[in-house]
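Just so you know, we're using this note's numbering here: the sequence shown kicks off at 6 and counts up by one.
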Amino acid sequence: MPPILPIKKQAPDRCPKWTLKNSNGSIAIPALFPSVAHLDLIRAGIIDDPNIGLNEGTSRWIIDEPVWSYTADLAQFVKAHAGKGNDQFALYFQGLDAVANVSIGGKPVGHSTSAFIESIYDISSEIKSLSQAPSGGNTNITIDFHSAWLWVQEESKKEPFYPSQLTNPSAYAVIDYEYPFRNFIRKQQSDFGWDWGPAYVPVGPIKPAYIVGFKGKSAESKRSSAAATGSTGKAQVGKDNSIFVHGTSVDIHRKGQLNNLPPDQDAPWIMNVTLSLFSTEAQSKDQALLDLEIQELGLSVKGLKLSKDIKKGENEALHAHITVPSKGKGSPELWWPKAFGEPKLYDLSLKLRSGKLDSATWSKRVGFRTIVLNQQEYTEEEVATGIQPGSKWQLDLNGKSFFIQASNMIPFDTFSPRISVDRVNWVIESALAAGHNLIRIWGGGSYQSDLFYDIADEAGLLIWSEMIFACSDYPTLPNFLDNVRKEVSQNVRRTNHHPSNTFWAGNNEGELLLRPDPSVLANATVYLDQYEKIFDDVVLNEVRANTKALSYVPSSTSTGYLALWPEYVPRYKNQTEGYLYSNAEYYNYDPTFAFNVSAFNKGRAYTEFGMHSLPSIYTLDRVLTNEEAYEFNSTQVRARSKHNPPGNLSYPWPASDGQFQMSSAVELYYPSPENSSSLGPRDKLAQWAYSTQIYQADFIGYEMLYYRLQGDRKENSRGVAYWQINAIWEGTDWASIEYGGRWKLMHYLSARNQDRLAAYPLYFVGNKSLELYAISDRFDKVSGKASWTWYDFKGKKLKSDEKPFTISGIGSSLLQRYGEEDGFLEEGIELDDCWLHLVVEGQDAEGGKYRNEQFWSPSPLGQAKLVKPKVEIEWKGEGEDGLLYLVRNSGEGVAAWVNLEHPEGVVGYFTNADSSQADHGRPLNGFWLRPGEVRKVGFVPRFVDDGLKEAWKSQMTSRNLYDNK
């Protein structure tokens, strides 16, 4: 199996050597840390990668194993450090997944029931005992990970009935995908299965852990391993001290700012620093002092008192704050997403010092910005301008409302310890290349790392963050709520210093999808009370207690509130007829409605909409194990589709619904690969994969433009976020980027349709009329020219026209309307033998230039009079756009939906390399090519397998829709 993106090293040489054992000791293998049991079993050769073939089913015994134990001998560590000035020790875990007991020398040290909580324990006495242990004694540290699947079954008995979509289809309190009872544990919810990924329910030490050693009051203090958690500037234990600062929150907001409300943009900044630390000594708050410095601003404040005394052991939420001017000398530049300006960051240096506790120094990268999720009511004056009455759903950045161009992100991998820096970088780079200004972190996965936010900070990409609750109601058991309080407070504080972080949502789809209705669901009042306890009380108050800079909304889709402060009162169904309140989602898997805009949803923003497709043949090659598997409806291909999910442990699941949704769409709109007699099994599956990706891009790209069009209509739409940008494995899913990094056509269409200036041919199915638009998301005015040309499928020019346009701010300009009675073309031209090429070119007030093109056919291409093309690719060497190619059509017919493909083992994307055009350098694929037409195309390589030779550069290939015939 070829590599995907590079895998990070997981075991520094100075770390102890770990062993993984099962419950009865019949398996005992070397292990890494961080890791999960599945990965170590793969490395030991006991199992194959579960992603391959039907291994998901054959590896389920790992989930059923009662306990997986990670053990390391600390004898060498104790010999090197204990009794040699180190008199106290702490054990710091960044993440244990999820139910774990920790012991040292056989003595219990700590216990975890959440994968989302950091924990620190005083292990001084345990280390001392090890140093005095007789030869041959137990000097091990052991972490026993209990089966999460077995554990949730027991926990579920405490609240025995959460109706699912199978037990109560008309109204349910949880959606089960494969393994049930996921709502009883604080763990990545998609580990139990989802409709785009497998169910592995992994357990293990998923994040780093450290033993921190302290010397006496006036002696040097060192830790046994690398720097502790932090971002670009790691939290440091300084020399000659007795403290370990493992958490630093820097919440930067305007003076007087309240969550969810627009602040005074002229008010000074408040920088509130909150520390979490472990101390070997108690210290008065009058004696422990904090120094802050931003050298670039000439800012230096010394001797800040903390809000509380430092006590011996663990300390949470020690505060200090300063005021930073917003104007004049010492005032910071604003942080902006790359789409709107520069993502300006500053280095903040911190020092905690006193006469009794010696100093600790560390640093953070911070930015100054305000970002508010504004759900206030539209005023009468605003409604008078034509906006539909109701409430807003918009992001106000530094006082300006902008149009969200976004996608939704799921976990990077089924096994988080193998996520590499390169993979994170690639998704963020790909989002920015496609024109995104925001990524939403979906609430059924995991809290993203500081690394992820660091990269987004530097690159200028906004992040919508979400608590890990999804598609379920949740219990309010005391231990469960305690875990929720800890994880929310820790993760809000941990991410506060990141200017890319935009707002927090409490859950995924809880309000509009899973909010219990007493009229149709028994015990609905109980579930509703639980919902409001968690999301309108516990989570809300933890967010408010730990940040003033960020907004909080209880659910990813929400109708907003009746009251915001001091008590939150949700709106729910308390709505006025004719008013519009919420952001919206839209999924429709009936292909007959795909391009019917009258069926699309209405909202203030569109934050989930998508369609699934097969991964490319190159990705399938990595996981299909025999020739029989290379068929659209083979057992292995079906097993890689989870839509609709079984809701139980049936395997292999045929996913008949999802398969039919894809195949019926392809057969309705495009030539079907199934009708080709010239294709072998692999080539036919390759065409099926390509065709499902065309439909995904065609449908969702069209939907995206329609929602953008509402930016200056009564909906006053302020965003689109399609589902989804990334894949968790090599399977059928909604992703625009495959597992391994290859862009689908959907990602290229995202780049085309989420461009700052976009063209849009809007077709009305009901009256068969066509309207042509130019759409802009710029703050300022864009002026330019639109041109459009009709061709037949032999490439003959039938008709052309052009028109100037001006768009003021977020909005659109109508270019042309073709009514049903007028027809699209002159009499005698058949709709199944014509297509449209629409180009808009414009310039903004700052001199920025834009170009966007769209291709559209009034007849489904499966019914069109396609003529055979011949697409040729000529490599011309290196250019300023990476590799340079000429793509020409030397055939007799138009090549529709040309898909350029790079070889396996390469990750990168194709661009427009025509320097005479304003979209030079923008991603380019999925275009139409007329006979005799030549396009200059670049390829930007980001990762190349070391085993590939230079010849790969001349091995680009293409396919087009005629290949299905």
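The beta-carbon is built from N, C-alpha and C at its ideal position, and this holds for glycine as well.
Just so you know, these numbers come straight off a predicted model, no measurement behind them.
For the 8 Å CB-CB criterion, I444 and I742 do not form a contact. Between the alpha carbons of P337 and T500 lies a gap of roughly 20 Å. Rounded to whole angstroms, P342 and P504 show a C-alpha spacing of 9 Å.
DSSP links Q288 through a beta bridge to I315. Per DSSP, L690 is one residue of the alpha helix (DSSP H) stretching across 686-714. Here the alpha carbons of I190 and V949 stand approximately 40 Å from one another.
Within the same chain, and ignoring the five residues on either side of K870 in sequence, the residues whose Cβ sits closer than 6 Å to its Cβ are F798, D837, D838. If you keep only unbroken alpha helix (DSSP H) runs of at least 4 residues inside the stretch 411-455, you get 426-438. Here the alpha carbons of H752 and S621 stand approximately 13 Å from one another. In the DSSP annotation of this structure, the continuous segment of the beta strand (DSSP E) that includes T811 starts and ends at 802-813.
Relative to D522, the option among Y536, E298, N588 whose CA is nearest is Y536. A distance below 7 Å between beta-carbons, with the five flanking residues on each side excluded, links V255 to the following residues of its chain, in chain order: M276, V278, L353, K369, V371, N501, H502.
Approximately 6 Å separates the beta-carbon atoms of S175 and V525; this is inside 8 Å, confirming the contact. Check the Cα spacing between D849 and each of S31, D782, E434: the tightest is with D782.
Uninterrupted beta strand (DSSP E) stretches at least 3 residues long and entirely within the stretch 525-603 occur at 556-558, 566-568, 589-591, given in chain order. Contact annotation: the stretch 252-267 touches the stretch 374-390, with at least three C-beta pairs closer than 8 Å.
In the structure shown, R499 adopts helical secondary structure according to DSSP, grouped into three states.
Residue state for F637 is assigned as coil, using DSSP reduced to three classes. Under the DSSP assignment, W66 falls in the alpha helix (DSSP H) whose first and last residues are 66-69. The alpha-carbon of I460 is positioned some 42 Å away from that of A389. Approximately 6 Å separates the beta-carbon atoms of W793 and L841; this is inside 8 Å, confirming the contact. For S108, the uninterrupted beta strand (DSSP E) segment begins and ends at 104-109. Separation of K954 and Q960 (C-alpha to C-alpha, rounded to the nearest whole angstrom) is 11 Å. By the C-beta density criterion, N188 is buried, having at least 16 other C-beta atoms within 10 angstroms.
In this chain, Y182 is not harboured by any alpha helix (DSSP H), its DSSP state being neither H nor E. With contact defined as three or more Cβ pairs closer than 8 Å, the stretch 871-878 and the stretch 909-928 are not in contact. Beta bridge pairing from DSSP links Y215 with Y97. Excluding five sequence positions before and after A287, the CB atoms of its chain that fall closer than 6 Å to its own CB belong to K316, K317, given in chain order. Around F932, the same chain offers V903 as residues with beta carbons nearer than 6 Å, after the five sequence neighbours per side are excluded.
In the displayed model, L750 falls within a helix according to three-state DSSP. A Cβ-Cβ distance of about 6 Å is found for the pair P210 and L101, placing them in contact under the 8 Å criterion. Looking only at A756, L843, I248, K607, the smallest Cα-Cα distance to W367 is reached by I248. At the C-beta level, K356 and D296 come within 8 Å of one another. For Q194, there is no enclosing alpha helix (DSSP H), as DSSP gives it neither H nor E. About 6 Å separates the beta carbon of N969 from that of S681, a gap short enough to meet the 8 Å contact definition.
Setting aside the 5 residues that flank it on each side, N528 has no residue in the same chain whose C-beta is closer than 6 Å to its C-beta.
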